[in-house]
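Visitor:
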Amino acid sequence: MPDSSSNIFGADIPSPEEFFSKVPLYQEFSTSIFYDKIKAIEEFDGKVDLYCSACERASIFHVNKYDADASKYLGSKQLIEGYSQQKPYVPSAFFTLIGICSRNSNHRVYFSFHFHNDAFQKVGQYPSIADLEKYSSRKYRKLLKEKYTEFTKAIGLVSHGIGIGSFVYMRRIFEYLIEEAHYIAKTKENWDDVKYKRSGIAEKIKYLKDELPQFLVKNHSIYSILSKGIHELSEEECLKYFIPIKNGIELILDENLEKQEKVRKIKETENKIAEIKNLSRI
14 MPDSSSNIFG ADIPSPEEFF SKVPLYQEFS TSIFYDKIKA IEEFDGKVDL
64 YCSACERASI FHVNKYDADA SKYLGSKQLI EGYSQQKPYV PSAFFTLIGI
114 CSRNSNHRVY FSFHFHNDAF QKVGQYPSIA DLEKYSSRKY RKLLKEKYTE
164 FTKAIGLVSH GIGIGSFVYM RRIFEYLIEE AHYIAKTKEN WDDVKYKRSG
214 IAEKIKYLKD ELPQFLVKNH SIYSILSKGI HELSEEECLK YFIPIKNGIE
264 LILDENLEKQ EKVRKIKETE NKIAEIKNLS RI
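One gets this note's numbering by counting positions in the sequence shown from 1 and adding 13 to each.
(1) Where residue 50 and residue 152 are concerned, what is the direct C-alpha to C-alpha distance, given to the nearest angstrom?
(2) Taking only the alpha-carbon atoms, compute the straight-line gap between residue 250 and residue 224 and give it to the nearest angstrom.
(3) Kindly indicate the opening and closing residues of the beta strand (DSSP E) around residue 153.
(4) My guess is that residue 112 and residue 61 are in contact by the Cβ rule of under 8 Å, so how many angstroms apart are they, rounded?
(5) Alpha carbon to alpha carbon, how far is residue 55 from residue 74?
(6) With 8 Å as the threshold, decide whether the Cβ of residue 159 is near any Cβ in chain C.
(7) For residue 111, report the span of its beta strand (DSSP E) as first-last.
(8) Which of the three DSSP states is assigned to residue 211 in this structure?
(9) Ignore the nearest five residues each way along the sequence and tell me which others in residue 27's own chain have a CB closer than 6 Å to its CB.
(10) Can you find the residues in the same chain that come closer than 6 Å, C-beta to C-beta, to residue 236, ignoring five residues on each side of it along the sequence?
(11) Evaluate contact between the region 195-210 and the region 277-284, counting only Cβ atoms and requiring at least three cross-stretch pairs below 8 Å.
(12) Taking just the CA atoms, how far does residue 148 sit from residue 267?
(13) What did DSSP end up calling residue 85 once you bin it into helix, strand or coil?
(14) Might you give, ordered along the chain, the residues of its own chain that have their beta carbon closer than 8 Å to the beta carbon of residue 144, omitting 5 neighbours on each side?
(15) At the level of alpha carbons, what is the spacing between residue 231 and residue 291?
(16) Identify whether residue 126 lies in helix, strand or coil by the three-state DSSP scheme.
(17) Would DSSP call residue 244 helix, strand or coil?
(18) Among residues of its own chain, excluding the 5 on either side of residue 243, which ones have a beta-carbon nearer than 7 Å to its beta-carbon?
(19) Identify which residue in 288, 126, 193 and 72 has its Cα closest to the Cα of residue 157.
(20) Going by the DSSP bridge assignment, what does residue 266 pair with across the sheet?
(21) Would you report the Cα separation of residue 4 and residue 265, rounded to the nearest angstrom?
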């Protein structure tokens, strides 16, 4: 039986919404005491905010159980021995949920789940998590430049249960952010680039603390976690830690975006004020 404490959501089973948009394929969850959570997923009938890859924008999907012919449907409850409406809920062996886009009913998403030997997992999804993540991550495209594809590759690998490879790409992004700050810092007076290049990553971050996002400075251990993941951790452990690491990288990127927006707004406002001053002869 899988150890539920080793998954990225702790000992509990994720919510239906988390299963749709975050949980990678084939990650197992022990269900012995969480049948009510499985029931909430199997009988889910509601609206979920997701990215529609066909519309290429965020949309609201109405998600419920796929209505298939019970005689041909592997997961139908009729196939579970001894099942009846009067007995306690037993998860289906296999079931699929379908989501219909509110913008266009021909645009669909699918999520398939498997229950066996007290273990529950998502075994299929279309479009992939990486495709669904495109909407939330595309705001980083200009900021990351050529590294943006590595960010999306990391997400794509995790969606297919590949943890170590995702850490490789995330570490490259972290290193890119450090080097961007270094590029600015070395133009300043009294900067000792020889000393900087001889330093380890923790020291480099200290030297660049005025140029780097404060979340990165405060949480520089992200780099050591990524490095350990690449060289020492298992695929399962990397998958376990991916979401908090991804969230940390996104917080760093968000801080950079906020800084860029502030600089843009200041420059735009100063230019407008100068125009007004010239026109008014103030």
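By construction, the Cβ of each residue, glycine as well, lies at the ideal position given by its N, Cα and C atoms.
Guide: On the basis of the data shown:
(1) For the purposes of this step, residue 50 is taken as residue 37 along the sequence shown, with counting starting at 1. For the purposes of this step, residue 152 is taken as residue 139 along the sequence shown, with counting starting at 1. The alpha-carbon separation between residue 50 and residue 152 amounts to approximately 33 Å.
(2) Taking the sequence shown and counting its residues from 1, the one referred to as residue 250 is at position 237. Taking the sequence shown and counting its residues from 1, the one referred to as residue 224 is at position 211. Approximately 32 Å, taken between the alpha carbons.
(3) Translated into the one-based positions of the sequence shown, residue 153 becomes position 140. No beta strand (DSSP E) contains residue 153, which DSSP labels as neither H nor E.
(4) The count along the sequence shown starts at 1 and reaches residue 112 at position 99. The count along the sequence shown starts at 1 and reaches residue 61 at position 48. The Cβ separation is near 7 Å, so the contact holds.
(5) Numbered from 1 along the sequence shown, position 42 holds the residue referred to as residue 55. Numbered from 1 along the sequence shown, position 61 holds the residue referred to as residue 74. For residue 55 and residue 74, the distance between alpha carbons rounds to 16 Å.
(6) Structure shown: chain C not included; a single protein chain is present.
(7) Here residue 111 refers to the residue found at position 98 of the sequence shown. In this chain, the beta strand (DSSP E) harbouring residue 111 covers 107-114.
(8) Within the sequence shown, the letter at position 198 stands for residue 211. The answer is coil: DSSP assigns residue 211 none of H, G, I, E or B.
(9) Along the sequence shown, one-based indexing puts residue 27 at 14. So the qualifying residues of the chain are 36.
(10) Along the sequence shown, one-based indexing puts residue 236 at 223. 187 and 214, listed in sequence order.
(11) With the cut-off at 8 Å, the region 195-210 and the region 277-284 do not touch.
(12) Here the question's residue 267 lines up with position 254 in the sequence shown. Here the question's residue 148 lines up with position 135 in the sequence shown. In this structure, the alpha-carbon of residue 267 lies about 15 Å from that of residue 148.
(13) Against the sequence shown, residue 85 aligns to sequence position 72. For residue 85, the predicted structure reports a pLDDT of 39, less than 50, and the residue's modelled location is therefore unreliable. A value from the coordinates is still provided. Note: residue 85 maps to helix in three-state DSSP.
(14) As a working mapping, residue 144 is identified with position 131 in the sequence shown. Exclusion of the five residues before and after residue 144 leaves 64 and 66 as the residues of its chain whose Cβ lies within less than 8 Å of its Cβ.
(15) Position 218 of the sequence shown, counted from the start, is the residue given in the question as residue 231. Position 278 of the sequence shown, counted from the start, is the residue given in the question as residue 291. Distance between residue 231 and residue 291, taken at the CA atoms: about 45 Å.
(16) The residue labelled residue 126 in the question sits at position 113 within the sequence shown. Strand, per DSSP.
(17) On the sequence shown, residue 244 is found 231 positions in, with the first residue counted as 1. Three-state DSSP puts residue 244 in a helix.
(18) To locate residue 243, count along the sequence shown from 1; it is residue 230. Within the same chain, residue 243 has close Cβ partners 177, 180, 181 and 184.
(19) The sequence position of residue 157 within the sequence shown is 144, counting from 1. It is 193 whose Cα lies nearest to the Cα of residue 157.
(20) On the sequence shown, residue 266 is found 253 positions in, with the first residue counted as 1. None; residue 266 has no bridge partner.
(21) Past the edges of the chain, shown from 14 to 295, lies residue 4, and the structure says nothing about it.
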